[in-house]
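Working notes, structure below.
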Amino acid sequence: TIGRNPFHVRARIGLAETLQEAGRLDEALAVFREALAIRPKDADLLHGLGVGLMEKGSLGEAAEHFRQALAVDPGMARAWLMLTQVKRQQERDAELAGMEAQHAKAPEGSVARMQLSFGLGKANDDLKDYGRAFDYFAEGNAIRRMGIDYDAAKTRAEFEAMKAVFDKPFFDKHRPSGIADDTPIFVVGMPRSGSTLVEQIIASHPQVYGAGELGILKTALGKQFPPGMKGGFPWGIADMPDKAYAEAGQAYLDLLHARYPGFRHVTDKMLGNFLLVGFIHLMLPKAKVIHCVRDAAATCLSIYKVHFRGDSHRYGYDLSELADFHNLYTDMMAHWRTVLPDVVHDVRYEDFVADQEGQTRALIAHLGLPWDDAVLSFHETDRPVRTASAAQVRQPMYQGSVDLWKRYGDRLKPLLDRLA
179 TIGRNPFHVR ARIGLAETLQ EAGRLDEALA VFREALAIRP KDADLLHGLG
229 VGLMEKGSLG EAAEHFRQAL AVDPGMARAW LMLTQVKRQQ ERDAELAGME
279 AQHAKAPEGS VARMQLSFGL GKANDDLKDY GRAFDYFAEG NAIRRMGIDY
329 DAAKTRAEFE AMKAVFDKPF FDKHRPSGIA DDTPIFVVGM PRSGSTLVEQ
379 IIASHPQVYG AGELGILKTA LGKQFPPGMK GGFPWGIADM PDKAYAEAGQ
429 AYLDLLHARY PGFRHVTDKM LGNFLLVGFI HLMLPKAKVI HCVRDAAATC
479 LSIYKVHFRG DSHRYGYDLS ELADFHNLYT DMMAHWRTVL PDVVHDVRYE
529 DFVADQEGQT RALIAHLGLP WDDAVLSFHE TDRPVRTASA AQVRQPMYQG
579 SVDLWKRYGD RLKPLLDRLA
């Protein structure tokens, strides 16, 4: 039992978060509720339940729990940040003033200051006060960048090495595995490119389970192609026998089917797998690869406005580094199109917004699935969404986000000057 012991509360939060990671959201919510029945004024529990409710799509209830957490602890910066994610700021109200007061009190360069900066950026963006919003986003990103180890030169070298190894002669020499299993649907691209939307649409089909961001491709590859392999990674790949790809493909499928048994298709939305398209093709030639594409400036601004969990997307906290990474990604996708024509299916965010039904029909047809009207009501699909788009994906598609970046004008100059 939790009792009055705060250590027991930490353990319950740990258990609930582990269940969330595993996609067992309803069980996680039950753990939070059970703990709150004993400690109803625990801000960490209230915040944790709020996050779970947000992932479930219960945005109003999530907001209520973030507010309750802030009533207990007005300085809880992450609760302020999460509240801005689940509500649209309509006016300069007392709540916004409260967040501004906490921001002014938070020590410069602190994690709390960073979280409040991202939250105030979002609130001012909602209010169309783009100059003020940008100032807050810039502060939040600068603090985040200080705490991150990101090596742009190393990243460039990794991309160049992948292109050099997986060239045209390589694919002339190596044949894809004979694995016929087409269960996986890989969704790749940059974050904030409409990928959560695309996965939600596909996962609304009764034959598909939306698994979100899975780390199992790297796990499967690591056994056959370890970083310490002869010749080094990725250079040593050129000398590996074809059976290594078949074994890696089978390892991936074993992990996938063990975790999600009985589904006709499962989406894997680990976006960074765009770097590994060559592997995917050789391992699992029947798997579909869906590439989410969006206007470069819109994608990059949208990344800059988000405080990502953990240390993912480390290139995203400086406008120049962000532009350089986007250029590397664009170049990488052009490379795959050249050496592996017709392997990757592009889905353009702007086209989806302009013609939802037409684009959805084309996507479902490409996946070889029978049509089902459920895919047009994707925002009603009850599945956990753990990405930065958790709130947007619960709403019908809207035109508003397509050209929003233009409203930031000259503030984006360091980004726009470097984007290819």
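Numbering follows this note's numbering, in which position 268 of the sequence shown is assigned residue number 446; successive positions increment by one, without gaps.
Glycine included, each C-beta is placed from N, C-alpha and C at the ideal position.
Predicted model only: the values in this text are computed from it and were never measured.
Residues near residue i by beta carbon distance below 8 Å, same chain, minus five either side
i, result
"residue 270", "305"
"residue 438", "387, 389 and 444"
"residue 405", "411"
"residue 435", "361"
"residue 442", "361, 385 and 386"
"residue 250", "219, 220, 221 and 224"
"residue 484", "296, 369, 370, 494 and 566"
C-alpha distance - residue i paired with residue j, whole-angstrom precision
i, j, result
"residue 387", "residue 401", "26 Å"
"residue 407", "residue 417", "11 Å"
"residue 205", "residue 261", "23 Å"
"residue 321", "residue 303", "20 Å"
"residue 244", "residue 413", "49 Å"
"residue 423", "residue 336", "20 Å"
"residue 486", "residue 520", "32 Å"
"residue 604", "residue 552", "The requested residue 604 is not part of the displayed model; the chain covers only 179 to 598."
"residue 197", "residue 530", "33 Å"
"residue 515", "residue 211", "49 Å"
"residue 221", "residue 187", "11 Å"
"residue 440", "residue 385", "10 Å"
"residue 459", "residue 325", "36 Å"
"residue 538", "residue 217", "46 Å"
"residue 235", "residue 379", "15 Å"
"residue 333", "residue 489", "15 Å"
"residue 502", "residue 462", "31 Å"
"residue 524", "residue 532", "16 Å"
"residue 505", "residue 492", "15 Å"
"residue 587", "residue 208", "46 Å"
"residue 456", "residue 331", "22 Å"
"residue 215", "residue 191", "14 Å"
"residue 558", "residue 381", "11 Å"
"residue 540", "residue 383", "14 Å"
"residue 394", "residue 547", "24 Å"
"residue 342", "residue 513", "10 Å"
"residue 399", "residue 277", "45 Å"
"residue 213", "residue 554", "38 Å"
"residue 340", "residue 453", "8 Å"
Where the beta strand (DSSP E) containing residue i begins and where it ends
i, result
"residue 363", "362 to 367"
"residue 468", "466 to 471"
"residue 484", "No beta strand (DSSP E) contains residue 484, which DSSP labels as neither H nor E."
"residue 386", "386 to 388"
"residue 521", "Element bounds for residue 521: n/a, residue is neither H nor E."
"residue 446", "443 to 446"
Residues of its chain near residue i, where Cβ-Cβ distance is below 7 Å and the 5 sequence neighbours each way are ignored
i, result
"residue 482", "315, 319, 494, 497 and 500"
"residue 397", "433"
"residue 409", "417"
"residue 592", "497 and 498"
"residue 517", "344, 345, 346 and 349"
"residue 323", "495 and 496"
"residue 285", "291"
"residue 596", "498, 501 and 502"
Beta-carbon contacts of residue i that lie in its chain and below 6 Å, excluding the five residues immediately before and after
i, result
"residue 583", "475, 476 and 479"
"residue 227", "210 and 243"
"residue 526", "471"
"residue 231", "239 and 240"
Host alpha helix (DSSP H) of residue i (start-end)
i, result
"residue 325", "Residue 325 -> no alpha helix (DSSP H), and no H or E assigned at all."
"residue 243", "237 to 250"
"residue 552", "Segment: none, residue 552 is in no alpha helix (DSSP H) and carries neither H nor E."
"residue 272", "272 to 283"
"residue 302", "289 to 304"
"residue 234", "221 to 234"
"residue 216", "203 to 216"
"residue 395", "394 to 402"
"residue 344", "Where residue 344 is concerned, there is no enclosing alpha helix (DSSP H), given that its DSSP letter is neither H nor E."
Contact the region 417 to 436 vs the region 354 to 365: 3+ CB pairs below 8 Å: yes
At which residue ranges does the region 405 to 441 contain complete beta strand (DSSP E) runs of 3 or more residues, listed in the order of the chain? Counting whole runs of 3 or more residues, the region 405 to 441 contains no beta strand (DSSP E) stretch at all.
Taking one C-beta from the region 233 to 248 and one from the region 459 to 474 each time, how about it: are there three or more such pairs within less than 8 Å? No, they do not touch.
Please determine if the region 249 to 258 and the region 277 to 293 are in contact, where contact requires at least 3 C-beta pairs separated by less than 8 Å. Below 8 Å, enough C-beta pairs join the region 249 to 258 and the region 277 to 293 to call them touching: three or more.
contact_flag[the region 364 to 379, the region 442 to 461] where n(CB pairs < 8 Å) is 3 or more: yes
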